[in-house]
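Going down the list, the protein sequences come from chains A and V. When the letters of the first sequence are read in order and numbered with the numbering used here, they come out as residues 690 to 1136. When the letters of the second sequence are read in order and numbered with the numbering used here, they come out as residues 690 to 1136. C-beta: ideal position from N, C-alpha, C; glycine also. Since the structure comes first, as structure tokens, the remarks are kept for the end.
There are 2 protein chains.
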Amino acid sequence: MSPTPARITAVDTHDIRFPTSRELDGSDAMNPDPDYSAAYVVLRTDAADGHEGHGFAFTIGRGNEVQVAAIDALRGHLLGRSVDDLCADPSTLNRDLIGDSQLRWLGPEKGVMHMAIGAVVNAAWDLAAKRAGLPLWRLLAEADPEWLVRQIDFRYLTDALTPEEALTLLRRGRQGSGERTARLLERGYPAYTTSPGWLGYGDDKLTRLAAEAVADGFRQIKLKVGADLDDDIRRCRVARSVIGPDIRMAIDANQRWDVGEAIRWTKALAEFDPYWIEEPTSPDDILGHAAIRRAVAPVKVATGEHVHNRIVFKQLLQAGALDVVQIDAARVGGVPENLAVLLLAAKSGVPVCPHAGGVGLCELVQHLSMFDYVALSGTTEDRVLEYVDHLHDHFLDPVVIREGHYTAPTAPGFSAAMRPESLARYAYPGGQFWAADLDERKKGQAA
Amino acid sequence: MSPTPARITAVDTHDIRFPTSRELDGSDAMNPDPDYSAAYVVLRTDAADGHEGHGFAFTIGRGNEVQVAAIDALRGHLLGRSVDDLCADPSTLNRDLIGDSQLRWLGPEKGVMHMAIGAVVNAAWDLAAKRAGLPLWRLLAEADPEWLVRQIDFRYLTDALTPEEALTLLRRGRQGSGERTARLLERGYPAYTTSPGWLGYGDDKLTRLAAEAVADGFRQIKLKVGADLDDDIRRCRVARSVIGPDIRMAIDANQRWDVGEAIRWTKALAEFDPYWIEEPTSPDDILGHAAIRRAVAPVKVATGEHVHNRIVFKQLLQAGALDVVQIDAARVGGVPENLAVLLLAAKSGVPVCPHAGGVGLCELVQHLSMFDYVALSGTTEDRVLEYVDHLHDHFLDPVVIREGHYTAPTAPGFSAAMRPESLARYAYPGGQFWAADLDERKKGQAA
């Protein structure tokens, strides 16, 4: 008698919020006071190995409960699923979630519902990688290209990328992957840091942190801009004088501008040699990004952290709107949709420099860049992965930065798991931190 | 002593679901079994007039609870607001909701969170129109153009439409509006009907309903297509033979196709002289729609019911991707964002033929088309408003169709209010209908 096959037996969700707004960490022209948060999900099984799948959507505070509710709405697609089948072919889950026509109406493939699907799909890939005993980047890099292609939903992509073209790219990417794996394990993947450049930081803090970044081996920093042009001119001048001419300095407007304003403002900062202008306008404005790019060259145009799906990335590339593709691990529908975007970028020859920071986004997205290097684009030239030094201590397998590089993870999985004590302490509103905070506020009101 | 100014005192939300999937009403190539639903909101005040503001997001079943949770997340922006101030300048609410940076992260301006904002903003406009003693179309048509322009958020639009241009369009639209109001009150606004063409209906039902539509005075019908080409050819032939050559027949693929497939399939149906092909592919695919339009002319291309904001509409028009703009009253951020889309369309000279059906979408969107006719585009030429004969009996001020035309509403407000007994009966899962349904299922399982 064969044993009962293992099933998914529970889908636990957690509303986790960190009070980051109190230090102005993460402040930018559109987001003055984010409380970095995660709508966190754990897939539990009755398998003897005890592995769990962890995933999350990243939000910045209010509304995190809506994101949790959206993950809860997917529970019916998960409970009772065979773990072996899921890990052998995660695309089955992807297809069921994206294909739920009633839930689809809430997007389609965008916003809260799509991020919920991304969280759950990423949790399934975390589980699959743990069961395979491999860090996710390695599972992807060593997977059969035909299997990888089957993981991807090519709907709405075939005018730009067919499964056959994807297979060719992946097979080509496999050549020399052994050497690149060795190099990655030795040197890591190049990072840049946004930590000096938050809008809420004063010039002294900017100066100190920018100097530290260079001393720490980073070859690129990033400054938030877009609230006040005079301030931006001053801050860019300060930063450039600290880092010198050879370190790249990206600037990031976080969607603050209309098209004309983006062009004028970027040109006004051009004397400080910004490497790219990031999110100059709405992430939905494909044609607007194309117009901005034509006008501000040689400053490059970057976007993607708020691009909601592969269809928008497809068009950004078709329209020649981007110099830099910035995927985010937790905005789109998880690993398979990001594979599609990596393939679109590879076909176009446009470098991918992921968005990270937030809660656990560095932990996740490093796997995708490392896969891209080892087994798809095959290069780190003009590729850098964002690094922000927040909140890593809440993770069981936090990123490790060495001389401006991400160290390749070796632990099995997607590095998504948070520490149980952090989940307990920052649960909203009942965890110890928030309960004590509420007590303080009550006392303050009574006084 | 002046009386205390009236405030919003409660934001009631309701999860309302109708079991429409059981009759295959509303079935199409992407949505085989919708349960038409509303995440419904009521703004209550302590004003002596007793007026309430009603609004809703339309969904098709599962996940409606997520949509309700998103509306709940907006409560803090509503409670305690001055009713006089809100009704004098509803844009203040709009700005606060769109400008909540933490909630913005969940979109931005798309999906569940944006539809929640739309529901609440529409409820505020319902309240404003009731307090003004005017149906919404008339409040809009008679408003000071400068005030109307101030209601609109031009962020991300100014490369296509400036406030000054909008003001010019509105002032021009006001010329002759008195005559058009009289004509509208006399004749109504032209409708077309989708009722014959649901994919789940057999040829006999299609034949009967198409003949009835023509007899009832409709000059256009619509057929769902996209699941099976042979079926579509047969159904289009049946419908065309019933309605004759002079009645327009639109076809609607509900996002079923990739770009190449959309072109091939539409061409294969061209012999039946379809007036437009609706939602041929992803609503996010601006460049895809443009490519399809170039290839399938003279068949027109229509989309919009799933277009999530003004920024995507702007680009659809910039790219020459559309012949017909299909606004939806409950998908974008409510009345002011739809005003922006009407203005963009008016500037481009592209007709607006709104999406309706669902739960209460006809009731809402008629006001926007009537405003467009009376005080913006000034014409009904090539303009038709979708009509579907479902679920109107649940509304207190249901649409009235006469000889293929919507009759202009005269009751104050946005026609959004559902009957209290319907709210009670179809509340999910606790209302009488669903409670009884659950009982039945339990008995069925026990038997």
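| Same chain, Cβ closer than 8 Å to P708 (chain V), five either side skipped, listed in chain order | Indexing the second sequence from 1 puts residue 708 (chain V) at position 19. Within the same chain, P708 (chain V) has close Cβ partners D724, F1122, D1126.
| query | Between the Cα of Y964 (chain V) and the Cα atoms of V:A986, V:Q944, V:D917, which residue gives the shortest distance? | reply | By 1-based counting over the second sequence, the position of residue 964 (chain V) is 275. Cα-wise, what sits closest to Y964 (chain V) is V:A986.
| field | Chain-ordered chain V contacts of H997 (chain A) [CB-CB under 7 Å] | value | Taking the first sequence and counting its residues from 1, one reaches residue 997 (chain A) at position 308. Near H997 (chain A) (Cβ distances below 7 Å), the residues of chain V are K799.
| query | Taking only beta-carbon atoms, is N720 (chain V) less than 7 Å away from chain A? | reply | Numbered from 1 along the second sequence, position 31 holds the residue referred to as residue 720 (chain V). Chain A, which has a Cβ nearer than 7 Å to the Cβ of N720 (chain V), makes this yes.
| I think R706 (chain A) touches G750 (chain A), with their Cβ atoms under 8 Å apart; what is that distance to the nearest whole Å? | Along the first sequence, read from residue 1 onward, the residue named residue 706 (chain A) stands at position 17. Along the first sequence, read from residue 1 onward, the residue named residue 750 (chain A) stands at position 61. The pair is a contact, with the Cβ atoms about 6 Å apart (cut-off 8 Å).
| message | Please tell me whether A979 (chain V) has its Cβ less than 7 Å away from any Cβ of chain A. | response | Reading the second sequence from its first residue, position 290 is the one you call residue 979 (chain V). False, the Cβ-Cβ gap to chain A never drops below 7 Å.
| message | Within 7 Å of any Cβ in chain A, is that where the Cβ of S971 (chain V) sits? | response | Here residue 971 (chain V) refers to the residue found at position 282 when the second sequence is read from its first residue. True, the Cβ-Cβ gap to chain A drops below 7 Å.
| Would DSSP call S790 (chain V) helix, strand or coil? | As a working note, residue 790 (chain V) is residue 101 in the second sequence. Helix at S790 (chain V).
| message | Beta carbons nearer than 8 Å to chain V: which residues of the stretch 1027-1039 of chain A have them? | response | Taking 8 Å as the Cβ-Cβ cut-off against chain V, none of the residues of the stretch 1027-1039 of chain A qualify.
| request: Show which residues of chain V have a CB atom less than 7 Å away from the CB atom of L1141 (chain A). | output: Residue 1141 (chain A) lies beyond the range of chain A shown here (690 to 1136); nothing can be said about it.
| request: Let me know if Q1004 (chain A) comes out buried or exposed under the rule of 16 or more other beta-carbons within 10 Å of its beta-carbon. | output: The residue labelled residue 1004 (chain A) in the question sits at position 315 within the first sequence. Result: buried.
| In the structure shown, what three-state DSSP assignment does F843 (chain A) receive? | Here residue 843 (chain A) refers to the residue found at position 154 of the first sequence. Three-state DSSP puts F843 (chain A) in coil, outside helix and strand.
| request: Compare the C-beta of I806 (chain A) against all C-beta atoms of chain V and say whether one is closer than 7 Å. | output: Against the first sequence, residue 806 (chain A) aligns to sequence position 117. No - not a single Cβ of chain V is within 7 Å of the one on I806 (chain A).
| query | If L1011 (chain A) and V1030 (chain A) are in contact, beta carbons under 8 Å, what's the gap, nearest whole angstrom? | reply | Position 322 of the first sequence holds residue 1011 (chain A). Position 341 of the first sequence holds residue 1030 (chain A). 11 Å between Cβ atoms; not a contact.
| With C-beta atoms as the reference, is V1077 (chain A) less than 7 Å away from G1049 (chain A)? | By one-based count along the first sequence, residue 1077 (chain A) stands at place 388. By one-based count along the first sequence, residue 1049 (chain A) stands at place 360. Against a cut-off of 7 Å, the Cβ pair of G1049 (chain A) and V1077 (chain A) comes out as no contact.
| query | What does G949 (chain V) reach in chain A if we use C-beta pairs closer than 7 Å? | reply | Start at 1 with the first residue of the second sequence, and residue 949 (chain V) comes out as number 260. Chain A residues near G949 (chain V): T847, D848.
| Using a beta-carbon distance below 7 Å, is Q1007 (chain A) in contact with chain V? | Reading the first sequence from its first residue, position 318 is the one you call residue 1007 (chain A). For Q1007 (chain A), the answer is yes, since a Cβ of chain V falls inside 7 Å of its Cβ.
| request: Let me know the alpha helix (DSSP H) ranges lying completely inside the stretch 928-963 of chain A, each 4 residues or longer, listed in chain order. | output: 948-958
| request: In angstroms with no decimal places, state the Cα-to-Cα distance between P636 (chain V) and F1060 (chain V). | output: The first residue shown for chain V is 690 and the last is 1136, placing residue 636 (chain V) beyond what the model contains.
| query | What do you reckon, are the CB atoms on L888 (chain V) and S726 (chain V) nearer than 7 Å? | reply | Locating residue 888 (chain V) in the second sequence gives position 199, where the first residue counts as 1. Locating residue 726 (chain V) in the second sequence gives position 37, where the first residue counts as 1. No, they are not a contact pair.
| Distance, H1094 (chain V) Cα to D1017 (chain V) Cα | As a first step, residue 1017 (chain V) must be located in the second sequence, where it is residue number 328. As a first step, residue 1094 (chain V) must be located in the second sequence, where it is residue number 405. The straight-line gap from Cα to Cα measures roughly 19 Å.
| request: Return the Cβ separation of R696 (chain A) and V772 (chain A) in integer angstroms, given the expectation that the two are a contact with Cβ distance under 8 Å. | output: Position 7 of the first sequence, counted from the start, is the residue given in the question as residue 696 (chain A). Position 83 of the first sequence, counted from the start, is the residue given in the question as residue 772 (chain A). R696 (chain A) to V772 (chain A), Cβ: 6 Å. Contact.
| message | Determine whether the beta carbon atoms of H1083 (chain A) and R1108 (chain A) lie at a separation below 7 Å. | response | Numbered from 1 along the first sequence, position 394 holds the residue referred to as residue 1083 (chain A). Numbered from 1 along the first sequence, position 419 holds the residue referred to as residue 1108 (chain A). Closer than 7 Å, so yes.
| message | Counting only beta-carbon separations shorter than 7 Å, does V1001 (chain V) have a partner in chain A? | response | Numbered from 1 along the second sequence, position 312 holds the residue referred to as residue 1001 (chain V). Yes, V1001 (chain V) counts as interfacial toward chain A.
| Contacts that R1091 (chain V) makes with chain B (C-beta to C-beta distance below 8 Å) | Checking the listed chains, one finds no chain B in this structure; the protein chains it contains are A and V.
| query | Between C776 (chain V) and the rest of its own chain, which residues show a CB-CB distance below 7 Å, the 5 nearest in sequence each way excluded? | reply | As a first step, residue 776 (chain V) must be located in the second sequence, where it is residue number 87. The residues are L816, A817, R820.
| task | Please determine, among A:A737, A:S1111, A:F1002, A:G788, the residue with the shortest C-alpha to C-alpha distance to H1081 (chain A). | result | Indexing the first sequence from 1 puts residue 1081 (chain A) at position 392. Among A:A737, A:S1111, A:F1002, A:G788, the Cα nearest to that of H1081 (chain A) is on A:S1111.
| field | Minimum C-alpha distance to V914 (chain A) - residue among A:C925, A:R908, A:D833 | value | Counting from one through the first sequence, the residue named residue 914 (chain A) turns up at place 225. Closest option to V914 (chain A), Cα to Cα, is A:C925.
| request: Using the DSSP secondary-structure output, state which residues sit across from R924 (chain V) in a beta bridge. | output: Stepping through the second sequence from its first residue, residue 924 (chain V) is reached at position 235. DSSP output for R924 (chain V) lists no bridge partner at all.
| message | Quick check on DSSP: helix, strand or coil for H703 (chain A)? | response | In the first sequence, the residue the question calls residue 703 (chain A) occupies position 14. Strand at H703 (chain A).
| request: Check the C-beta distance from A813 (chain A) over to V730 (chain A) and give it rounded, since I have them as a contact under 8 Å. | output: Position 124 of the first sequence, counting from 1, holds the residue named residue 813 (chain A). Position 41 of the first sequence, counting from 1, holds the residue named residue 730 (chain A). The pair is not a contact, with the Cβ atoms about 10 Å apart (cut-off 8 Å).
| message | Quick check on Q909 (chain V): buried or exposed, where buried means 16 or more other Cβ atoms within 10 Å of its Cβ? | response | For the purposes of this step, residue 909 (chain V) is taken as the residue at position 220 of the second sequence. Q909 (chain V) comes out buried.
| Test item: CB-CB of T882 (chain A) and F907 (chain A) under 7 Å | Within the first sequence, residue 882 (chain A) is the residue found at index 193, counting from 1. Within the first sequence, residue 907 (chain A) is the residue found at index 218, counting from 1. Yes, the pair counts as a contact, with Cβ atoms nearer than the cut-off.
| query | Going along chain V, which residues have a C-beta under 7 Å from L1057 (chain A)? | reply | What you label residue 1057 (chain A) is simply residue 368 of the first sequence in a count that begins at 1. The premise fails here: L1057 (chain A) is roughly 21 Å from chain V at the closest Cβ pair, so nothing lies under 7 Å.
| query | What in chain A is Cβ-close to P1025 (chain V), meaning under 9 Å? | reply | In the second sequence, residue 1025 (chain V) corresponds to position 336, counting from 1. In chain order: nothing, as chain A lies at least about 17 Å away.
| 8 Å Cβ cut-off: residues of chain V touching I975 (chain A) | Walking along the first sequence from the start, residue 975 (chain A) turns up at place 286. By Cβ distance, chain V contributes I975, L976, Q1004.
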